[in-house]
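Working notes, beginning with the structure itself.
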Amino acid sequence: MTAINPSQLCGMNFHYFRHPLTRFLDDAAAIGLTKVEIWGASPHFYVDDEPLSAARELKKAIRERGMELVCFTPEQCIYPINLASREDAVRNRSIRYFLDSLNACVEMESPYLLITPGWGYADEDAGPAWRRSADALGVVARHAEKLGVDLLLEPLTPTESNIINTSADLRRMLDELSSPSVKAILDTVAMAVVGETVRDYVAQVGAELRHVHLIDGDMEGSHLAWGDGFLPLDDYIRDLGDSGYTGALSFEFTTPRYWLDPLPPMRKSFEVVQKVIHTV
-5 MTAINPSQLC GMNFHYFRHP LTRFLDDAAA IGLTKVEIWG ASPHFYVDDE
45 PLSAARELKK AIRERGMELV CFTPEQCIYP INLASREDAV RNRSIRYFLD
95 SLNACVEMES PYLLITPGWG YADEDAGPAW RRSADALGVV ARHAEKLGVD
145 LLLEPLTPTE SNIINTSADL RRMLDELSSP SVKAILDTVA MAVVGETVRD
195 YVAQVGAELR HVHLIDGDME GSHLAWGDGF LPLDDYIRDL GDSGYTGALS
245 FEFTTPRYWL DPLPPMRKSF EVVQKVIHTV
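Residues -5 to 274 in the working numbering are what the sequence shown spells out, letter by letter.
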């Protein structure tokens, strides 16, 4: 049996945004999840709309249902947030956004803030965009160090970013930032799209891997419930267990097919992954 435990499984509210956030919390608790990752987007705790007192209320709502918040993920791919932007106004707004998000993490008592590197123009050399991203990430990392919150730096698919796509790219940025507050996250879809495996990530980042988006998917980058794609769940669970990974395994479903009836994909994934955990 793998060393992975069902208690590591984690719900996420991305595909619940057409419903109240309390609906997500109620559903997650009802199916037996004990961990949640909060996607901060309107109408679910978008930091630019909410006072810090709302972060404290969210913490209370999570705990009242017997769950814990393991990561705060402010929306940063759909919204005009880009740490690597060539436009100063966009880049500066993005830095402020993440600084505010870190302050919210303190109030919510979230140990982690998920952050992405941004992107440069596709028809330009990626080198300057990398430099802008690293400089901006450094600003956010220094604030994270002061607050005692860790950043989870997430690679993206090549259509989402031209800065960090692979585990080697992630290793390079971690080394360049050299901050004790910057850790690694693995997204199984982004990993699969570039042809990598869990073992590749473990080889590159080792114990710095602190969070996993464990979702099924396809080569177009769709984030699907388990059983709706073709990714090798058994291999992922086995390799994560062999690596000694003890962090959360979060269900991040982004496809519109789940928006109107969001419970079934979360419940199905919870059941499917538990079964694999007990059999591999």
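Glycine included, C-beta positions come from ideal geometry on N, C-alpha and C.
For residue i, report the span of its alpha helix (DSSP H) as first-last.
i    : result
L150 : It is not in any alpha helix (DSSP H) - L150 carries neither H nor E in the DSSP assignment.
S172 : It is not in any alpha helix (DSSP H) - S172 carries neither H nor E in the DSSP assignment.
V206 : Element bounds for V206: not the alpha helix (DSSP H) but the beta strand (DSSP E), L203 to H207.
S216 : From DSSP, S216 is part of no alpha helix (DSSP H); its letter is neither H nor E.
E265 : L257 to I271
G235 : L227 to S237
R193 : V192 to V199
Looking at residue i: is its Cβ nearer than 8 Å to the Cβ of residue j?
i    : j    : result
F245 : G5   : yes
T151 : V187 : yes
I32  : F11  : no
P256 : H13  : yes
T160 : P149 : yes
C99  : V143 : yes
G26  : A78  : no
A130 : N156 : no
V206 : G241 : yes
S95  : V41  : yes
Q2   : L243 : yes
G112 : T153 : no
V30  : L63  : yes
L15  : H38  : yes
A128 : E170 : yes
F279 : F8   : In the structure displayed, the chain extends from -5 to 274; residue 279 sits before or after that span and is not available.
R126 : R85  : yes
V192 : I209 : no
Whole angstroms are fine: how far does the CA of residue j sit from the CA of residue i?
i     : j    : result
L146  : R80  : 23 Å
I179  : L203 : 6 Å
F92   : P122 : 21 Å
A49   : V176 : 23 Å
D181  : Y195 : 10 Å
E190  : D43  : 38 Å
E139  : E58  : 29 Å
T(-4) : R87  : 44 Å
D163  : E118 : 18 Å
R90   : G34  : 15 Å
L107  : L141 : 12 Å
A55   : R261 : 21 Å
P250  : W220 : 16 Å
In the DSSP assignment, what are the bridge partners of residue i?
i    : result
K29  : C4 and E62
A162 : According to DSSP, A162 bridges with nothing at all.
H38  : A35
A184 : Note: A184 sits in no beta bridge, so no partner.
Go to residue i, then tell me how far its beta strand (DSSP E) extends in each direction, as first and last residue.
i    : result
L243 : A242 to S244
Taking 8 Å as the threshold (beta carbon to beta carbon), is residue i in contact with chain D?
i    : result
V270 : In the structure shown, chain D does not exist; there is a single protein chain.
query = What beta strand (DSSP E) runs, 3 residues minimum, are completely inside the segment 54 to 123?
reply = 62 to 68 and 106 to 109
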